[in-house]
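In what follows, a single structure is set out as structure tokens and then discussed.
Number of protein chains: 2
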Amino acid sequence: MSEVAEKFARITPVPAYQMVAEAIEREILSGRLRPGDPIGTEAQLVRQFGVNRSTVREGIRLLEQSGMVQRDSSRRLAVGLPHYDQLATRASRALILHQVSFRELWEATMALSLATIDLAVSRATEEEIAALEANIDATEAVLNDPAAVAAYDSEFHIMLEKTARNRVLELAREPSNMLIYPTTHVAVQGTEQGGRRLVEAHRMLVQALKLRDVDLGRLWTRRHLIDWRKGFERTGNDLDQPVDLVTAPSAMA
Amino acid sequence: MSEVAEKFARITPVPAYQMVAEAIEREILSGRLRPGDPIGTEAQLVRQFGVNRSTVREGIRLLEQSGMVQRDSSRRLAVGLPHYDQLATRASRALILHQVSFRELWEATMALSLATIDLAVSRATEEEIAALEANIDATEAVLNDPAAVAAYDSEFHIMLEKTARNRVLELAREPSNMLIYPTTHVAVQGTEQGGRRLVEAHRMLVQALKLRDVDLGRLWTRRHLIDWRKGFERTGNDLDQPVDLVTAPSAMA
DNA sequence: ACCAATTTGTCCGTATGTATG
DNA sequence: TCATACATACGGACAAATTGG
Numbered sequence: 159m160s161e162v163a164e165k166f167a168r169i170t171p172v173p174a175y176q177m178v179a180e181a182i183e184r185e186i187l188s189g190r191l192r193p194g195d196p197i198g199t200e201a202q203l204v205r206q207f208g209v210n211r212s213t214v215r216e217g218i219r220l221l222e223q224s225g226m227v228q229r230d231s232s233r234r235l236a237v238g239l240p241h242y243d244q245l246a247t248r249a250s251r252a253l254i255l256h257q258v259s260f261r262e263l264w265e266a267t268m269a270l271s272l273a274t275i276d277l278a279v280s281r282a283t284e285e286e287i288a289a290l291e292a293n294i295d296a297t298e299a300v301l302n303d304p305a306a307v308a309a310y311d312s313e314f315h316i317m318l319e320k321t322a323r324n325r326v327l328e329l330a331r332e333p334s335n336m337l338i339y340p341t342t343h344v345a346v347q348g349t350e351q352g353g354r355r356l357v358e359a360h361r362m363l364v365q366a367l368k369l370r371d372v373d374l375g376r377l378w379t380r381r382h383l384i385d386w387r388k389g390f391e392r393t394g395n396d397l398d399q400p401v402d403l404v405t406a407p408s409a410m411a
Numbered sequence: 159m160s161e162v163a164e165k166f167a168r169i170t171p172v173p174a175y176q177m178v179a180e181a182i183e184r185e186i187l188s189g190r191l192r193p194g195d196p197i198g199t200e201a202q203l204v205r206q207f208g209v210n211r212s213t214v215r216e217g218i219r220l221l222e223q224s225g226m227v228q229r230d231s232s233r234r235l236a237v238g239l240p241h242y243d244q245l246a247t248r249a250s251r252a253l254i255l256h257q258v259s260f261r262e263l264w265e266a267t268m269a270l271s272l273a274t275i276d277l278a279v280s281r282a283t284e285e286e287i288a289a290l291e292a293n294i295d296a297t298e299a300v301l302n303d304p305a306a307v308a309a310y311d312s313e314f315h316i317m318l319e320k321t322a323r324n325r326v327l328e329l330a331r332e333p334s335n336m337l338i339y340p341t342t343h344v345a346v347q348g349t350e351q352g353g354r355r356l357v358e359a360h361r362m363l364v365q366a367l368k369l370r371d372v373d374l375g376r377l378w379t380r381r382h383l384i385d386w387r388k389g390f391e392r393t394g395n396d397l398d399q400p401v402d403l404v405t406a407p408s409a410m411a
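Which chain is which? The protein sequence lines are A and B, in order. Heads up: the first sequence is residues 159 to 411, going by our numbering. Heads up: the second sequence is residues 159 to 411, going by our numbering.
Following this line, the structure appears as structure tokens:
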């Protein structure tokens, strides 16, 4: 061993494109750059960082992906407010890769839905309740079309989510929402009976909001999800099979 | 108007780098490429896609960021299993940018923690309970060091999470965990009293696991989080202030 | 321990299409 | 309509790191 001492820490070289991304990210997270602010053109960034165009572009891609940087109509760079579904798309794909089961998905959805209804009951406004009822009426008009029912069902739950007025919960729910609601058209498949039960559950949930009755809300949230599970199993699916793109098609781009 | 008809749909050009990313992503999500499989060198991808290497590299960055593609020790490309904290880091930063309040964070954490304890009570094994008790003993040994207490507290809740055996819930919790647990050292600040209450709550939670007593678990989960809130407010913080990097420092890289 | 081949990281210059004023 | 600025994409180049003999 010809070493003198262990005076210096190991040097871990960081690629330039990564440093570019981190530098911009720091500015954003620190608040010095606020959503909507222009980042500058690629050429400007090239000058500021003293690196090549290609390097800047690679760095920009990183931030664009997570929504921290967006391009406006003219493709100019600006600080963006990452929307949840952007992140949730990645997250739901990760769940697929991890081969989580429908049982895990169902359990989590149950817990998160109960939390949602608790908050929604205490916070729903007249306008929100009216909007939810309009959605139910629209659902009732397309009861023989499972795909349309599933679409309205998804919308209903998104609206319900909003009335809970908790963005942390909203973000937490999104990945599982993206996986479970697309399967509703399977769960209400064929039988108009399934659609009717769905509409009934939605009506009772809105009723709970009106009466500010937490227990009623929780009761029908449970029933609603148990219905989903029964429909899912009735159509020959197994709760312990991993979620995938076949049964959860909307996870595709 | 010299238009003939409206026969053709509008063409929305998709950048080449994006098509590269989507093509690779499709292979991964379809299962033809499994986690760990090599993607091929950049030169190979250049040949397969018939685009420039810079373009390939930009596309790769997109997938690297979400963890779908990783580089191994030799920086060769391979299909990756995105780990939750990777995604959660992005998500928690998004929450900061959206300026969510500690109240929202607290509400969501309460709901998610109750869901976790429900599942954990029914699934905890002897080994897991022993590991949790070891953690509590370790916490008790460092009661006068708020930072160390916060670290053990974070570990405790991660372990508890694992015993719930639900990866969807785990993913849903991660972003809020990253924001709330780092503030524990604030909440138990100074007074050893705070640390003692924390240890007591942990002991009762483990007790609930042993007795498979859901109600006991829920009771102490509530108390535990109410303690956190009291500590947070006692130290001069306001629940309605937005979460930020100052009070939640671990959200930084 | 050394060498040759491969691969990544970075840079330069250029061409093309498009949006804005 | 025209000119300018900009993003997108390409080809070629070289140094540094890694691999496998």
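The beta carbon of each residue, even a glycine, is placed where N, CA and C say it ideally should be.
N-terminal and C-terminal residue of the beta strand (DSSP E) that residue i is part of
| i | result |
| --- | --- |
| B/V227 | 227-229 |
Residue i: first and last residue of the uninterrupted alpha helix (DSSP H) it sits in
| i | result |
| --- | --- |
| B/V204 | 200-207 |
| B/A292 | 284-298 |
| A/L235 | Run containing A/L235: none in the alpha helix (DSSP H); it sits in the beta strand (DSSP E), 235-237. |
| B/I186 | 174-188 |
| A/V401 | Here A/V401 belongs to no alpha helix (DSSP H), and DSSP marks it neither H nor E. |
| A/Y339 | Counting along the chain, A/Y339 falls outside any alpha helix (DSSP H), and DSSP gives it neither H nor E. |
| B/V214 | 211-224 |
| B/D371 | Neither: B/D371 is in no alpha helix (DSSP H) and is coded neither H nor E. |
| B/A257 | Rather than Ala, the amino acid found at residue 257 of chain B in this sequence is Gln. Where B/Q257 is concerned, there is no enclosing alpha helix (DSSP H), given that its DSSP letter is neither H nor E. |
| A/S312 | 304-322 |
Nearest residue (CA-CA) to residue i, options the options
| i | options | result |
| --- | --- | --- |
| A/E200 | A/T274, A/V227, A/S271 | A/V227 |
| B/R354 | B/H382, B/R387, B/L263 | B/H382 |
| B/L301 | B/L245, B/D230, B/V346 | B/V346 |
| A/I338 | A/Q202, A/L245, A/F260, A/L203 | A/F260 |
| A/V307 | A/V372, A/D373, A/P340 | A/P340 |
| A/N324 | A/V364, A/D371, A/I294, A/D276 | A/D276 |
| B/D396 | B/E262, B/I294, B/A330 | B/E262 |
| A/H343 | A/F390, A/A305, A/Q202 | A/A305 |
| A/G238 | A/L377, A/D195, A/L270, A/A288 | A/D195 |
| A/A174 | A/R192, A/R215, A/R392 | A/R215 |
| B/H241 | B/E291, B/A269, B/S271, B/A330 | B/A330 |
| A/F207 | A/A179, A/D295, A/F390, A/R219 | A/A179 |
| B/D322 | B/R370, B/R380, B/A236, B/A292 | Residue identity check: residue 322 of chain B is Ala in the sequence provided, not Asp. Here the closest residue by C-alpha is B/R370. |
| A/E285 | A/D385, A/A252, A/K368, A/R376 | A/K368 |
| B/R387 | B/K320, B/T267, B/I287, B/S250 | B/T267 |
| A/P193 | B/T393, B/F390, B/I254 | B/I254 |
| B/L270 | B/R190, B/A366, B/R380, B/G217 | B/R380 |
| B/D373 | B/T393, B/D385, B/L272, B/L191 | B/L272 |
Rounded C-alpha distance that separates residue i from residue j
| i | j | result |
| --- | --- | --- |
| B/M177 | B/R248 | 23 Å |
| B/A181 | A/Y310 | 31 Å |
| B/I186 | B/E222 | 13 Å |
| B/L356 | A/S188 | 32 Å |
| B/E141 | B/H256 | Within the shown structure, residues of chain B are numbered from 159 to 411, placing residue 141 of chain B beyond reach of any answer. |
| A/E298 | B/S224 | 40 Å |
| B/L318 | A/E313 | 34 Å |
| A/A409 | B/V326 | Note that A/A409 has pLDDT 37, beneath the 50 cutoff, so the model's placement of it is unreliable and no number is given. |
| A/L245 | B/A246 | 9 Å |
| B/D303 | B/A236 | 42 Å |
| A/D230 | A/R205 | 22 Å |
| A/E183 | A/V172 | 16 Å |
| B/T274 | B/S212 | 45 Å |
| B/R219 | B/G198 | 15 Å |
| B/R376 | B/E328 | 18 Å |
| B/S232 | B/I316 | 31 Å |
| B/P400 | A/R234 | 29 Å |
| A/E391 | A/G352 | 13 Å |
| B/A252 | B/I384 | 26 Å |
| B/N210 | A/L191 | 33 Å |
(request) Decide yes or no for the touch test of the stretch 330-343 of chain B against the stretch 280-297 of chain B: beta carbon pairs closer than 8 Å, at least 3 of them. (result) Fewer than three Cβ pairs drawn from the stretch 330-343 of chain B and the stretch 280-297 of chain B lie within less than 8 Å of each other, which leaves the two stretches out of contact.
(request) Please name the residues in the stretch 348-375 of chain A whose beta-carbon is closer than 9 Å to at least one beta-carbon of chain B, in chain order. (result) Per Cβ criterion, the list is empty.
(request) Compile a chain-ordered list of the residues in the stretch 192-213 of chain A whose CB is closer than 7 Å to at least one CB of chain B. (result) Residues of the stretch 192-213 of chain A whose Cβ lies closer than 7 Å to any Cβ of chain B, in chain order: P193, S212.
(request) Could you please tell me which residues of the stretch 291-313 of chain A, in chain order, have their CB closer than 9 Å to any CB of chain B? (result) Correct list: empty, as no residue qualifies.
(request) May I ask you to list, following chain order, the residues of the stretch 252-277 of chain A that have a beta carbon less than 7 Å from some beta carbon of chain B? (result) Shown in chain order are the members of the stretch 252-277 of chain A whose Cβ falls below 7 Å from a Cβ of chain B: A252, L253, I254, L255, H256, V258, E262, L263, E265, A266, A269, L270, A273, L277.
(request) Determine which residues of the stretch 315-327 of chain A have a Cβ less than 7 Å from any Cβ of chain B, and write them out in chain order. (result) Those would be N324, R325, V326, L327, in chain order.
(message) Check whether the stretch 282-293 of chain A and the stretch 361-375 of chain A touch, using three or more Cβ-Cβ pairs below 8 Å as the test.
(response) When Cβ pairs closer than 8 Å are counted between the two stretches, the stretch 282-293 of chain A is seen to touch the stretch 361-375 of chain A, the count reaching three or more.
(request) Give, in chain order, every residue of the stretch 229-240 of chain A whose Cβ lies closer than 8 Å to some Cβ of chain B. (result) The residues in question are L239, P240.
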